[in-house]
Amino acid sequence: MEGMAAGKFGLAGLSRRLVWLCCGMAALGLGNAEAGSKRLPRVTVAADAVRGRLVRKVVWDGGQKGKTSEELRETFRLDSLIQEAAEEEGLDPLLIHAVISVESGYNPFAISGDGAQGLMQLLPRTARRFGVRNTFDPRENLRAGVRYLRQLLEKFGDLKLALAAYNAGEGAVARHGRVPPFAETQD
Numbered sequence: 195m196e197g198m199a200a201g202k203f204g205l206a207g208l209s210r211r212l213v214w215l216c217c218g219m220a221a222l223g224l225g226n227a228e229a230g231s232k233r234l235p236r237v238t239v240a241a242d243a244v245r246g247r248l249v250r251k252v253v254w255d256g257g258q259k260g261k262t263s264e265e266l267r268e269t270f271r272l273d274s275l276i277q278e279a280a281e282e283e284g285l286d287p288l289l290i291h292a293v294i295s296v297e298s299g300y301n302p303f304a305i306s307g308d309g310a311q312g313l314m315q316l317l318p319r320t321a322r323r324f325g326v327r328n329t330f331d332p333r334e335n336l337r338a339g340v341r342y343l344r345q346l347l348e349k350f351g352d353l354k355l356a357l358a359a360y361n362a363g364e365g366a367v368a369r370h371g372r373v374p375p376f377a378e379t380q381d
């Protein structure tokens with residue numbers, strides 16, 4: 195993967211989590227949507243085996259170390275729900291896999307120290323905003339989380355900023371005008 199220096203894709207100063215996500219998306223060509231474009235780029239990983247291997251590595255190495263075979267089966271079981279939610283919002287399912295891997299490690303019952311819940315780690319106020327009644331229901335959580343991510347991509351027009359907003363809050367990204375210098379975006 196020559197030439198994939200962090201600077202080439204504007205990743206300098208990002209957290210390791212965001213770098214993993216952005217590298218995978220850059221390899222897919224998802225980080226360069228035209229300004230003002232209402233449609234986000236979509237790709238078929240099968241079209242490029244090298245890119246596919248990179249993204250699978252990002253997704254599966256990003257949060258799967260030490261998983262039991264039962265936990266991995268759960269990950270695969272969720273794939274159809276992830277595919278469905280991604281298609282509804284016009285996003286690449288691999289992006290959703292990457293976010294889930296980082297946010298919850300595919301644990302539908304995960305709860306963060308800040309109170310974010312479920313696969314896509316929705317805060318209670320975000321869950322209410324998207325009409326989620328049960329944040330631990332994988333289908334509800336996925337649909338709301340993917341819809342929220344789509345809105346962030348449209349609002350910020352930049353994958354790095356959208357991912358930072360998903361992780362640290364859209365207000366923080368808007369205030370800083372860049373990836374905010376918070377622990378959760380720097381580690």
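Residue numbers 195 to 381, in my numbering, belong to the letters of the sequence shown in order.
Note that the Cβ used here is the ideal one computed from N, Cα and C, for glycine as well.
Because the structure is a prediction, the values reported are computed rather than measured.
Roughly how many whole angstroms lie between the Cα atoms of residue i and residue j?
{"i": "residue 317", "j": "residue 304", "result": "12 Å"}
{"i": "residue 366", "j": "residue 319", "result": "16 Å"}
{"i": "residue 297", "j": "residue 313", "result": "7 Å"}
{"i": "residue 271", "j": "residue 299", "result": "14 Å"}
{"i": "residue 370", "j": "residue 349", "result": "15 Å"}
{"i": "residue 306", "j": "residue 362", "result": "13 Å"}
{"i": "residue 416", "j": "residue 341", "result": "Outside the displayed span of the chain (195 to 381) sits residue 416, for which this structure offers no information."}
{"i": "residue 373", "j": "residue 364", "result": "10 Å"}
{"i": "residue 302", "j": "residue 308", "result": "16 Å"}
{"i": "residue 273", "j": "residue 368", "result": "32 Å"}
{"i": "residue 292", "j": "residue 338", "result": "16 Å"}
{"i": "residue 278", "j": "residue 357", "result": "20 Å"}
Using 7 Å as the threshold, is the C-beta distance between residue i and residue j below it?
{"i": "residue 359", "j": "residue 346", "result": "yes"}
{"i": "residue 315", "j": "residue 329", "result": "no"}
{"i": "residue 287", "j": "residue 276", "result": "yes"}
Does DSSP put residue i in a helix, a strand or coil?
{"i": "residue 218", "result": "A caution first: residue 218 carries a pLDDT of 48, below 50, which makes its placement in the model too unreliable to give a value."}
{"i": "residue 372", "result": "coil"}
{"i": "residue 363", "result": "coil"}
7 Å is my cut-off, CB to CB: does residue i come that close to chain D?
{"i": "residue 287", "result": "In summary, chain D is missing from the structure at hand, where a single protein chain is found."}
Below 8 Å, how does it come out for the region 329 to 336 and the region 346 to 354: are there three or more Cβ pairs, yes or no? no
Please specify which runs of the alpha helix (DSSP H), each continuous and at least 4 residues long, are wholly inside the region 307 to 357, giving them in chain order. 318 to 323 and 332 to 350
Within the chosen definition, does the region 277 to 288 reach the region 316 to 329 through at least 3 CB pairs nearer than 8 Å? no
Counting only runs of 4+ residues fully inside the region 269 to 310, write out the alpha helix (DSSP H) ranges in chain order. 287 to 297
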